[in-house]
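Engineer: Starting off with a structure, shown below.
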Amino acid sequence: MTAGGMFMAANRPLADNGPSIFSACEVCMYTAIGYAAQSATAPLAPMTFERRSPRPDDVAIEILYCGVCHSDIHQARNEWGIAVYPLMPGHEIVGKVTAVGSNVTRYKAGDVVGVGCMVDSCRQCSACQADLEQYCLAGPTMTYATPDRVDGSNTMGGYSNSIVVSEHFVVRIPAGLDLASAAPILCAGITTYSPLKHYGVKAGDKVGVLGMGGLGHMGIKFAKAMGAEVTLFTRSASKAEEARRQGADHVIVSTDAAQMAAAAGRFDFLLDTIPVQHDLNPYLDTLAFDGVHILVGLIEPVDPPVHAAHLVMKRRVLAGSLIGGIAETQEVLDFCAEHGISCDIEMLDIQNINEAFTRMIAGDVKYRFVIDMNSLK
Ligand code: NDP
Ligand code: ZN
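Offset between the sequence shown (1-based) and this note's numbering: plus 8.
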């Protein structure tokens, strides 16, 4: 890993606009390289594959940086049971436009852009029409391990030197954001920003963030920027000082039953980023009446079961939230630029991706690995 070289690499000047890895050819395909898993038990390894040439509404992108999300691990290891192999993860992508299709109006070669978790949707249903493509009634096309809507090919994510994406699913990286630490905003950022916005978190609200990893540390920053009084729930007492540096006002060690009990009835919102099954009941008890517990980390069954009394007796809400729409993804990038918010990253050479997965599972990253795609060359 190249932790020491992080800022040098992050500030690497962009190459000029040519020669690009793509031409504007609309019939040929392009050879790309990346790291993919061939099965749920195989480590990620280099793979050569074809990217389509830009369709009329497509943008071709040379990837500069890609964040490493815990979802990449869930998917590479088929922990959600929906993996398609070969599986090339990566949905926190920042890169430079190298070519555009003939109908593209918003981007041109050389623009610095981002791609998050989705690359397409039906674009017609009520969710898509409401800028909520993530809830597309026909199902969004995810950035990896999903059939492309046009040719049926398995989408390949951002652990790669390039990607080709419809213009609608491309966002602009605002000037002033460091490109490497902006990458995780495309998933960790939007996933935590969107529910806080949706539920109207405002000054004075008491927000608890569960787990301080990639999502959690962004959740702390956003809740703080929205004026909330922020508490981190963590298993790790050693994270207390760090959490305060991120903007948390208080820290509760979730394994300490006395600390949990002392927090009964305190919170308006809980943003739960814990990536494994865990007992929600003690957390629900820390909500005030009408409080909302928002799940973003878990898409497996809740186990142990929630005792309904925790909800019924205090009119509490147990909710979930999935990433955010494309317009809102642009909004969170702009919000970060405006408020000086960025992700804390550790830069990674792609050759160390399997070690990075192991370290993430052990909670040993502050707080997001970002692959420097220069290492792939
Ligand atoms: P990280 O691994 O970076 O962080 C997860 C944090 O949760 C850890 O730092 C740790 O915090 C806590 N944690 C980890 N293991 C346990 C455990 N066994 N028990 C209790 N707490 C634990 O993950 P990410 O932030 O990248 O992702 C979090 C989850 O969100 C993943 O499941 C991911 O798939 C999901 N996700 C959901 C999205 C959505 O749209 N809903 C989008 C993106 C990701 P601490 O040490 O402080 O306790
Ligand atoms: Zn993600």
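For each residue, glycine too, the CB sits at the ideal point set by N, CA and C.
Under the criterion of a Cβ to heavy atom distance below 7 Å, does S134 qualify as lining ligand 2?
Structural biologist: As a first step, residue 134 must be located in the sequence shown, where it is residue number 126. Incorrect: S134 has no Cβ contact closer than 7 Å to ligand 2.
Engineer: Expressed to the nearest angstrom, what Euclidean distance is found between the alpha-carbon atoms of G273 and Y207?
Structural biologist: In the sequence shown, counting from the first residue as 1, residue 273 sits at position 265. In the sequence shown, counting from the first residue as 1, residue 207 sits at position 199. So the alpha carbons of these two residues sit roughly 18 Å apart.
Engineer: Grab the span of the beta strand (DSSP E) containing Y43 for me, first residue to last.
Structural biologist: To locate residue 43, count along the sequence shown from 1; it is residue 35. From DSSP, the beta strand (DSSP E) with Y43 extends over M37 to A44.
Engineer: Quick one: residues with CB closer than 5 Å to any heavy atom of ligand 2, in chain order, please.
Structural biologist: Result: C77, S79 and C195.
Engineer: Taking its Cβ as the centre, do 16 or more other Cβ atoms sit within 10 Å of P54, making it buried, or is it exposed?
Structural biologist: As a working mapping, residue 54 is identified with position 46 in the sequence shown. So P54 counts as exposed.
Engineer: Mind checking whether the beta-carbon of T337 lies closer than 7 Å to any heavy atom of ligand 1?
Structural biologist: Counting from one through the sequence shown, the residue named residue 337 turns up at place 329. Result no, Cβ not under 7 Å from ligand 1.
Engineer: I'd like to confirm the pairing. Which residues does DSSP put opposite G216 in its beta bridges?
Structural biologist: Residue mapping note: residue 216 aligns to position 208 of the sequence shown, counting from 1. In DSSP, G216 forms a bridge with T239 and L278.
Engineer: Could you compute how far the alpha carbon of F365 sits from the alpha carbon of I81?
Structural biologist: Within the sequence shown, the letter at position 357 stands for residue 365. Within the sequence shown, the letter at position 73 stands for residue 81. Distance between the alpha carbons of F365 and I81: 7 Å.
Engineer: Identify the residues that DSSP records as bridge partners of P54: which are they?
Structural biologist: As a working mapping, residue 54 is identified with position 46 in the sequence shown. Looking at the DSSP assignment, P54 forms a beta bridge with Y43.
Engineer: What would DSSP say about T106, mapped onto helix, strand or coil?
Structural biologist: Translated into positions along the sequence shown, residue 106 becomes position 98. T106: strand per DSSP, three-state reduction.
Engineer: Which one or two residues does DSSP pair with F377 in a beta bridge?
Structural biologist: As a first step, residue 377 is located in the sequence shown; it is residue number 369 there, counting from the start. Answer by DSSP bridge pairing, in chain order: E354.
Engineer: Could you tell me the distance, in whole angstroms, from the CA atom of D352 to the CA atom of I228?
Structural biologist: By one-based count along the sequence shown, residue 352 stands at place 344. By one-based count along the sequence shown, residue 228 stands at place 220. Roughly 12 Å between the two C-alpha positions.
Engineer: How is the beta strand (DSSP E) around F297 delimited, first residue to last?
Structural biologist: As a first step, residue 297 must be located in the sequence shown, where it is residue number 289. Counting along the chain, the beta strand (DSSP E) containing F297 begins and ends at L295 to L303.
Engineer: What does DSSP give as the partner residue(s) for G328 in the beta ladder?
Structural biologist: Sequence index remark: in the sequence shown, residue 328 carries index 320 (1-based). DSSP output for G328 lists L303 as bridge partner(s).
Engineer: Could you tell me the alpha carbon to alpha carbon distance between I71 and D280, rounded to whole angstroms?
Structural biologist: Residue mapping note: residue 71 aligns to position 63 of the sequence shown, counting from 1. Residue mapping note: residue 280 aligns to position 272 of the sequence shown, counting from 1. Rounded to the nearest angstrom, the two C-alpha atoms are 30 Å apart.
Engineer: Once DSSP output is grouped into helix, strand and coil, what is the label at T199?
Structural biologist: For this step, residue 199 is matched to residue 191 along the sequence shown. Helix, per DSSP.
Engineer: For T337, which residues from the same chain have a beta carbon less than 7 Å from its beta carbon, with the 5 sequence-adjacent residues on both sides left out?
Structural biologist: For the purposes of this step, residue 337 is taken as residue 329 along the sequence shown, with counting starting at 1. For T337, where only same-chain residues beyond five positions count, the Cβ hits under 7 Å are G124, V179, L194 and I198.
Engineer: Measure from the alpha carbon of G166 to the alpha carbon of each residue in L319, I361, M368 and I369, then state which is nearest.
Structural biologist: Residue mapping note: residue 166 aligns to position 158 of the sequence shown, counting from 1. Measuring from the Cα of G166, the nearest candidate turns out to be I361.
Engineer: Going by DSSP in three states, S383 sits in which element: helix, strand or coil?
Structural biologist: As a first step, residue 383 is located in the sequence shown; it is residue number 375 there, counting from the start. Helix, per DSSP.
Engineer: What does the Cβ neighbour count give for I349, buried or exposed, with the cut at 16 atoms within 10 Å?
Structural biologist: Position 341 of the sequence shown, counted from the first residue, corresponds to residue 349. Its Cβ being crowded by 16 or more others within 10 Å, I349 is buried.
Engineer: Once you ignore the five residues that flank G332 on each side, which residues in its own chain have a CB closer than 6 Å to its CB?
Structural biologist: Numbered from 1 along the sequence shown, position 324 holds the residue referred to as residue 332. Result list for G332: I198 and S202, in chain order.
Engineer: Please report the distance separating the alpha-carbon of Y291 from that of P64.
Structural biologist: Position 283 of the sequence shown, counted from the start, is the residue given in the question as residue 291. Position 56 of the sequence shown, counted from the start, is the residue given in the question as residue 64. Those two C-alpha atoms are separated by around 49 Å.
Engineer: By DSSP's criteria, T149 is part of a beta bridge. Which residues make up the other side?
Structural biologist: Reading the sequence shown from its first residue, position 141 is the one you call residue 149. Looking at the DSSP assignment, T149 forms a beta bridge with D128.
Engineer: Per DSSP, R59 is paired with what?
Structural biologist: Indexing the sequence shown from 1 puts residue 59 at position 51. Answer is Y38, bridged to R59.
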